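Here the structure comes first, spelled out in structure tokens, and everything after it is commentary.
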Amino acid sequence: MNYPELLLSNDMEECDMIYSNESLPSSWSSHSSMNDYQVFQQSMFSPSFLDALKQEPFMFEPLKTIPYHHSPTNTTISSPTSNYDNSNLFQPIPEEKKDDKNLIYSRPRDIQTKSLVQRYLSTKQTERRVTILTSKVAQKSYGTEKRFLCPPPSTILSGSDTWWSYNQYAPSLTISITGEKVSHQGTIDWYKDGTLLDPSSAIAHANQSSHLSGNCVSKQLHISDTDDKRKKAQVQVDIMSAQGVPLGVYYSKPIKVISKPSKKRQSLRNMDLCIHHGSTVALFNRMRSQTISTKYLGVSSAMTQEQGPGTCFHHPENPQYPPPPAVAIQAPYQPMALHYNQPIVLQCVSTGLVSPIMVIRRVDKGSKVVGGNQVQDLSFPTGGEYGDEALGDPVSQLHKVSFQIVQDLTPAQYNKTTFQPQVFPPMSEWTLPQRSHQVSYLACMNDVVGIHRVNEEREMICSDPARKRRLHDAGRQELNGDCWTEDVSDAAVWTLVGTDSVSFCFSSTSSGSKDVAPHLTLAQPGTVEGDHLSPRLTVWLGDLECKTEYKSRYLLSWTVPEREKLLDSLSAQFDPDTNGHKIPILLVHQD
Numbered sequence: 006m007n008y009p010e011l012l013l014s015n016d017m018e019e020c021d022m023i024y025s026n027e028s029l030p031s032s033w034s035s036h037s038s039m040n041d042y043q044v045f046q047q048s049m050f051s052p053s054f055l056d057a058l059k060q061e062p063f064m065f066e067p068l069k070t071i072p073y074h075h076s077p078t079n080t081t082i083s084s085p086t087s088n089y090d091n092s093n094l095f096q097p098i099p100e101e102k103k104d105d106k107n108l109i110y111s112r113p114r115d116i117q118t119k120s121l122v123q124r125y126l127s128t129k130q131t132e133r134r135v136t137i138l139t140s141k142v143a144q145k146s147y148g149t150e151k152r153f154l155c156p157p158p159s160t161i162l163s164g165s166d167t168w169w170s171y172n173q174y175a176p177s178l179t180i181s182i183t184g185e186k187v188s189h190q191g192t193i194d195w196y197k198d199g200t201l202l203d204p205s206s207a208i209a210h211a212n213q214s215s216h217l218s219g220n221c222v223s224k225q226l227h228i229s230d231t232d233d234k235r236k237k238a239q240v241q242v243d244i245m246s247a248q249g250v251p252l253g254v255y256y257s258k259p260i261k262v263i264s265k266p267s268k269k270r271q272s273l274r275n276m277d278l279c280i281h282h283g284s285t286v287a288l289f290n291r292m293r294s295q296t297i298s299t300k301y302l303g304v305s306s307a308m309t310q311e312q313g314p315g316t317c318f319h320h321p322e323n324p325q326y327p328p329p330p331a332v333a334i335q336a337p338y339q340p341m342a343l344h345y346n347q348p349i350v351l352q353c354v355s356t357g358l359v360s361p362i363m364v365i366r367r368v369d370k371g372s373k374v375v376g377g378n379q380v381q382d383l384s385f386p387t388g389g390e391y392g393d394e395a396l397g398d399p400v401s402q403l404h405k406v407s408f409q410i411v412q413d414l415t416p417a418q419y420n421k422t423t424f425q426p427q428v429f430p431p432m433s434e435w436t437l438p439q440r441s442h443q444v445s446y447l448a449c450m451n452d453v454v455g456i457h458r459v460n461e462e463r464e465m466i467c468s469d470p471a472r473k474r475r476l477h478d479a480g481r482q483e484l485n486g487d488c489w490t491e492d493v494s495d496a497a498v499w500t501l502v503g504t505d506s507v508s509f510c511f512s513s514t515s516s517g518s519k520d521v522a523p524h525l526t527l528a529q530p531g532t533v534e535g536d537h538l539s540p541r542l543t544v545w546l547g548d549l550e551c552k553t554e555y556k557s558r559y560l561l562s563w564t565v566p567e568r569e570k571l572l573d574s575l576s577a578q579f580d581p582d583t584n585g586h587k588i589p590i591l592l593v594h595q596d
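Number 490 in this note's numbering belongs to position 485 of the sequence shown; there are no gaps in the numbering.
Shown next, in the form of structure tokens:
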């Protein structure tokens with residue numbers, strides 16, 4: 006990707022900063038001596054996690070065999086399309102009374118402001134981007150123990166070579182966890198077209214005004230037990246330019262804090278602890294529970310020391326399903342939890358490469374995986390290689406799993422499509438489901454991705470299903486997913502955790518900078534929710550200024566302009582997919 010370049014020109018003196026994309030940095034300073042405008046832009050139709058991460062290609066190495074994705078969740082703010090019909094913006098609306106004194110309505114002081122906004126919206130040449138990648142769940146540390154966040158949070162700087170000062174000095178990052186006293190100075194690795202640069206090469210490229218991207222991996226972050234009631238935490242990133250000018254404070258998406266991975270059966274009501282169909286995940290292998298031996302599954306045949314978020318999709322047995330990534334079922338409107346023993350595929354969010362079809366297995370003790378009993382009624386959801394295996398529990402965050410590679414899906418598809426519904430007698434005892442002659446699992450072989458073959462026969466855990474249910478959980482379903490076990494070795498045991506991303510974009514047209522507005526949410530047309538909002542903020546739709554009313558530091562309300570004006574705006578674009586129009590939202594701050 007060609008990242009936009011930051012331009013400093015004399016005809017833009019009246020505008021200090023433009024902030025764009027789906028969310029904005031965390032804090033706003035109302036004490037400033039600069040008499041100019043600040044323009045903040047937030048896309049009304051924000052990109053998905055995929056779109057955010059695809060702009061950071063240096064994070065991933067090109068993979069030939071394993072794990073591209075369209076994530077159902079937005080990266081930063083809530084897209085208005087998920088809450089209301091965007092075409093409503095272009096419907097006729099009653100005009101506000103012009104004598105309403107509660108409205109804060111300030112027109113541009115001169116045409117340069119509108120010209121600047123139009124230039125920014127048309128070219129985006131002055132944009133810089135901050136992306137923070139984190140896990141959705143993290144374990145709390147107790148006493149002197151330090152359970153470092155895994156995968157480690159990553160802060161990505163991209164969009165412009167002007168992260169560097171004119172004397173070839175890079176910005177500095179201070180990384181911390183909210184509520185913690187300890188902070189860390191971040192080390193930034195700089196990349197040119199996906200290639201890691203040494204410090205001298207980075208300076209040379211910066212001197213040539215090359216587009217460089219930076220990546221800071223924070224491996225020393227942990228959550229202490231000082232606050233027993235804490236349920237959420239965030240990664241806080243303070244960025245300062247080489248001249249000592251603050252470039253804002255940025256926060257990750259909330260991370261759910263847990264004491265340890267739950268061994269209990271997860272309920273579908275507790276969806277935040279389940280892995281969902283189409284969600285982004287990180288997979289890592291850790292030998293003998295040693296942090297130093299942690300290896301992440303990436304998009305190349307080599308294991309990496311850094312996370313490469315992929316996507317986990319449930320694979321359909323019915324070949325007539327339309328293809329989301331060609332082999333996975335379409336993402337449903339509601340979150341759909343993955344279950345053990347289901348066939349799934351992994352897809353890389355950077356390259357689009359898709360893994361072979363695999364059956365996800367639960368690791369019980371050590372390197373022992375468990376599987377389900379054989380079922381006769383295939384009218385219900387089933388799993389396994391041949392589609393005749395009972396599903397297990399929902400897949401949970403930070404659980405240990407294994408991936409059995411499916412050699413041929415044709416038998417499972419045939420069994421499903423040719424099944425004739427009938428009345429089956431009650432199950433008297435469990436039987437092993439069908440299996441391939443040679444069973445293989447995805448494995449970490451030293452520093453490369455490989456395959457571990459299982460040569461031993463599967464062992465039955467218990468042959469009496471009624472007794473099994475009495476001993477373990479009387480409330481579990483009759484189709485129990487824990488019937489047999491086999492050893493897959495430590496190399497084939499992976500820890501699975503969901504990942505999150507948030508992106509902030511801004512653009513500076515003057516040497517000064519301020520702390521800026523917050524993470525925003527558009528609940529409905531005419532309402533902006535966030536934090537650190539100011540009475541000096543005015544909402545713009547593209548290059549059209551809106552009447553804005555300050556409600557509180559958390560809420561702004563604004564009036565949608567007339568439909569004809571919206572359609573005449575240079576920023577309005579027709580979307581054939583939705584048969585409606587799109588227009589970006591901006592926040593303008595006047596000091």
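We put the beta carbon where it would ideally sit given N, CA and C, even for glycine.
No experiment lies behind these values; they were computed from the predicted model shown.
Whether Leu414 touches Ile362 by CB criterion (9 Å): What you label residue 414 is simply residue 409 of the sequence shown in a count that begins at 1. What you label residue 362 is simply residue 357 of the sequence shown in a count that begins at 1. Cβ distance < 9 Å, so Leu414 and Ile362 count as in contact.
- request: Use the C-beta contact count for Arg458: other C-beta atoms within 10 angstroms, 16 or more gives buried, fewer gives exposed.
  value: For the purposes of this step, residue 458 is identified with residue 453 of the sequence shown, where counting begins at 1. Its Cβ having fewer than 16 others within 10 Å, Arg458 is exposed.
- request: Please work out which residues of its chain come closer than 7 Å, Cβ to Cβ, to Ser576, disregarding the five sequence neighbours upstream and downstream, and give them in chain order.
  value: Taking the first residue of the sequence shown as 1, we reach residue 576 at position 571. The residues are Leu126, Gly547, Asp548, Ile588 and Pro589.
field: Inside the segment 139 to 206 only - beta strand (DSSP E) runs reaching at least 3 residues
entry: 142 to 144, 159 to 163, 177 to 182, 188 to 190 and 194 to 197
query: Which residue comes first and which comes last in the beta strand (DSSP E) that contains Lys421?
result: Your numbering for residue 421 matches position 416 in the sequence shown. Looking at the DSSP string, Lys421 is not in any beta strand (DSSP E); the run it does join, the alpha helix (DSSP H), is Thr415 to Thr423.
query: Is it true that the CB of His189 sits closer than 9 Å to the CB of Leu226?
result: As a first step, residue 226 is located in the sequence shown; it is residue number 221 there, counting from the start. As a first step, residue 189 is located in the sequence shown; it is residue number 184 there, counting from the start. Yes, these two residues count as a Cβ contact at 9 Å.
message: Just to confirm before moving on: does the CB-CB distance between Thr490 and Lys373 stay below 9 Å?
response: Taking the first residue of the sequence shown as position 1, residue 490 is located at position 485. Taking the first residue of the sequence shown as position 1, residue 373 is located at position 368. A contact, by the Cβ cut-off of 9 Å.
- prompt: Buried or exposed: where does Asn275 fall if 16 or more other Cβ atoms within 10 Å of its Cβ makes it buried?
  reply: For the purposes of this step, residue 275 is identified with residue 270 of the sequence shown, where counting begins at 1. Exposed: under 16 other Cβ atoms inside 10 Å.
query: Where do the N-terminal and C-terminal ends of the alpha helix (DSSP H) with Arg568 fall, by residue?
result: Residue 568 sits at position 563 when you count from the first residue of the sequence shown. Its alpha helix (DSSP H) spans residues Arg568 to Asp573.
query: Which class does Tyr256 belong to by DSSP, given the choice of helix, strand or coil?
result: Mapped onto the sequence shown, residue 256 falls at position 251. Strand, per DSSP.
Alpha-carbon to alpha-carbon, Val350 and Thr387: In the sequence shown, residue 387 corresponds to position 382, counting from 1. In the sequence shown, residue 350 corresponds to position 345, counting from 1. Those two C-alpha atoms are separated by around 16 Å.
- prompt: DSSP state of Ser215, grouped into three classes?
  reply: Start at 1 with the first residue of the sequence shown, and residue 215 comes out as number 210. Reduced to three states, the DSSP call for Ser215 is coil.
task: Use the C-beta contact count for Asn220: other C-beta atoms within 10 angstroms, 16 or more gives buried, fewer gives exposed.
output: Position 215 of the sequence shown, counting from 1, holds the residue named residue 220. Per the 10 Å Cβ criterion, buried.
- request: Let me know the secondary structure DSSP gives Met341 once reduced to three states.
  value: For this step, residue 341 is matched to residue 336 along the sequence shown. Coil.
field: Contacts around Asn290, its chain only, beta-carbon distance under 6 Å, and the 5 residues preceding and following it disregarded
entry: Numbered from 1 along the sequence shown, position 285 holds the residue referred to as residue 290. Within the same chain, Asn290 has close Cβ partners Lys300, Cys449 and Trp499.
message: Rounded to the nearest angstrom, what separates Ser229 and Lys237 at their Cα positions?
response: Taking the sequence shown and counting its residues from 1, the one referred to as residue 229 is at position 224. Taking the sequence shown and counting its residues from 1, the one referred to as residue 237 is at position 232. Cα-Cα distance, rounded: 12 Å.
- prompt: When DSSP labels each residue in this structure, what does Ala497 get in the three-state scheme?
  reply: What you label residue 497 is simply residue 492 of the sequence shown in a count that begins at 1. Note: Ala497 maps to helix in three-state DSSP.
- prompt: When the Cα atoms are used, what is the spatial distance from Ser445 to Arg134?
  reply: Mapped onto the sequence shown, residue 445 falls at position 440. Mapped onto the sequence shown, residue 134 falls at position 129. Spanning the two alpha carbons is a distance of roughly 42 Å.
query: Closest by CA to Gly392, which one among Val380, Gly148 and Thr131?
result: Locating residue 392 in the sequence shown gives position 387, counting from the first residue. Answer by Cα proximity: Val380.
task: Could you pull out every residue in the same chain whose Cβ sits closer than 8 Å to the Cβ of Ser267, ignoring the five residues on either side in sequence?
output: Translated into the one-based positions of the sequence shown, residue 267 becomes position 262. Answer for Ser267: Leu278 and Ser401, listed in chain order.
message: Going by DSSP in three states, Ser83 sits in which element: helix, strand or coil?
response: Numbered from 1 along the sequence shown, position 78 holds the residue referred to as residue 83. With a pLDDT of only 25 at Ser83, under the threshold of 50, the placement of this residue in the model should not be trusted; the figure read from the coordinates follows. Ser83: coil per DSSP, three-state reduction.
message: Just to check my reading of the structure: Pro348 and Val240 have Cβ atoms closer than 8 Å, yes? What is that Cβ distance to the nearest angstrom?
response: For the purposes of this step, residue 348 is taken as residue 343 along the sequence shown, with counting starting at 1. For the purposes of this step, residue 240 is taken as residue 235 along the sequence shown, with counting starting at 1. No, Pro348 and Val240 are not in contact; Cβ-Cβ is about 34 Å, not under 8 Å.
task: Name the residue from Gln578, Trp545 and Glu554 whose alpha carbon lies nearest to the alpha carbon of Pro566.
output: Here the question's residue 566 lines up with position 561 in the sequence shown. The candidate whose alpha carbon is nearest that of Pro566 is Trp545.
task: Measure the C-alpha to C-alpha separation of Val254 and Ser215 and round it to an integer number of angstroms.
output: On the sequence shown, residue 254 is found 249 positions in, with the first residue counted as 1. On the sequence shown, residue 215 is found 210 positions in, with the first residue counted as 1. Rounded to the nearest angstrom, the two C-alpha atoms are 26 Å apart.
query: First and last residue of the beta strand (DSSP E) that includes Arg366?
result: In the sequence shown, counting from the first residue as 1, residue 366 sits at position 361. Note, Arg366: beta strand (DSSP E), Met363 to Val368.
message: Using only the alpha-carbon positions, how far apart do Ile208 and Arg124 sit?
response: Reading the sequence shown from its first residue, position 203 is the one you call residue 208. Reading the sequence shown from its first residue, position 119 is the one you call residue 124. Taking the Cα positions, Ile208 is about 30 Å away from Arg124.
- request: Specify, as a first and last residue, the run of the beta strand (DSSP E) that Asn290 falls within.
  value: Numbered from 1 along the sequence shown, position 285 holds the residue referred to as residue 290. Segment Ser284 to Asn290, the beta strand (DSSP E) holding Asn290.
query: Where does Phe511 land, buried or exposed, given buried means 16+ other C-beta within 10 angstroms?
result: For the purposes of this step, residue 511 is taken as the residue at position 506 of the sequence shown. Buried.
- prompt: Under the three-state reduction of DSSP, which class applies to Val122: helix, strand or coil?
  reply: Here residue 122 corresponds to residue number 117 of the sequence shown, with the count starting at 1. Note: Val122 maps to helix in three-state DSSP.
task: Select from Ile182, Thr543 and Gln425 the residue whose C-alpha is nearest the C-alpha of Leu383.
output: Reading the sequence shown from its first residue, position 378 is the one you call residue 383. Residue Gln425 is the option with its Cα nearest to Leu383.
- prompt: Under 9 Å, do Ile280 and Ser223 count as touching if we go by C-beta distance?
  reply: Within the sequence shown, the letter at position 275 stands for residue 280. Within the sequence shown, the letter at position 218 stands for residue 223. Result no, Cβ atoms of Ile280 and Ser223 do not sit closer than 9 Å.
Asp277, DSSP secondary structure in three states: The residue given as residue 277 occupies position 272 in the sequence shown. Asp277 falls in the helix class under three-state DSSP.
query: Beta-carbon separation of Ile260 and Val142 under 9 Å?
result: Within the sequence shown, numbered from 1, the residue matching residue 260 stands at position 255. Within the sequence shown, numbered from 1, the residue matching residue 142 stands at position 137. Against a cut-off of 9 Å, the Cβ pair of Val142 and Ile260 comes out as a contact.
task: Excluding the 5 residues preceding and the 5 following Glu150 in the sequence, name in chain order all residues of the same chain whose CB lies nearer than 8 Å to its CB.
output: Locating residue 150 in the sequence shown gives position 145, where the first residue counts as 1. Within the same chain, Glu150 has no close Cβ partners at all.
field: Exposure of Asp573, with buried meaning 16 or more beta-carbon neighbours within 10 Å
entry: On the sequence shown, residue 573 is found 568 positions in, with the first residue counted as 1. Per the 10 Å Cβ criterion, exposed.
For Glu598, the first and last residue of its enclosing beta strand (DSSP E): Nothing can be reported for residue 598: it is not among the residues displayed for the chain, which extend from 6 to 596.
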